[in-house]
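In my numbering, the protein residues as written are 79 to 204. Backbone N, C-alpha and C define an ideal beta-carbon position, used for all residues, glycine too. As structure tokens, the structure follows; a few thoughts come after it.
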């Protein structure tokens, strides 16, 4: 879950089938408090639960996680562009990771007194 602008995005996860089994959820949606309405968006490329999610330059990055359909941790990093309603694979992590957390951080250099970031760096593989 994350926010971009005034919208709350709910992404992926799993669905309990009523036994001891789960399915990946590829569907996603956002909530607009202005309209008090949920809206479906493009489905994820691959199911991911227990992921890291971060927003950078108004794009949503979904990192690693667990695939219930394949019963394994996953290495994929996916990016969602809300303006285009499209998902893209960014890259694969060096190893599969589940239960991770992600964030973005803006650092202001001490000599920068304008209050705005002087440099941004995108997400990249090690």
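Considering only their Cβ atoms, is the gap separating residue j from residue i smaller than 9 Å?
i           : j           : result
residue 93  : residue 87  : no
residue 151 : residue 158 : no
residue 153 : residue 128 : no
residue 125 : residue 141 : no
residue 98  : residue 121 : no
Give the straight-line distance between the Cα atoms of residue i and residue j, rounded to the nearest whole angstrom.
i           : j           : result
residue 80  : residue 132 : 7 Å
residue 85  : residue 149 : 31 Å
residue 113 : residue 107 : 14 Å
So who's on the other strand from residue i, going by DSSP bridges?
i           : result
residue 177 : The partner list for residue 177 (beta bridge, DSSP) is empty, contrary to what the question assumes.
residue 132 : 139
Relative to the C-alpha of residue i, which candidate in the options has its C-alpha closest?
i           : options               : result
residue 182 : 165, 163, 175 and 134 : 134
residue 172 : 185, 155, 165 and 184 : 155
residue 147 : 83, 90 and 82         : 90
residue 138 : 117, 180, 175 and 185 : 180
Does DSSP put residue i in a helix, in a strand, or in coil?
i           : result
residue 116 : strand
residue 184 : coil
residue 91  : coil
residue 82  : strand
residue 98  : coil
residue 164 : strand
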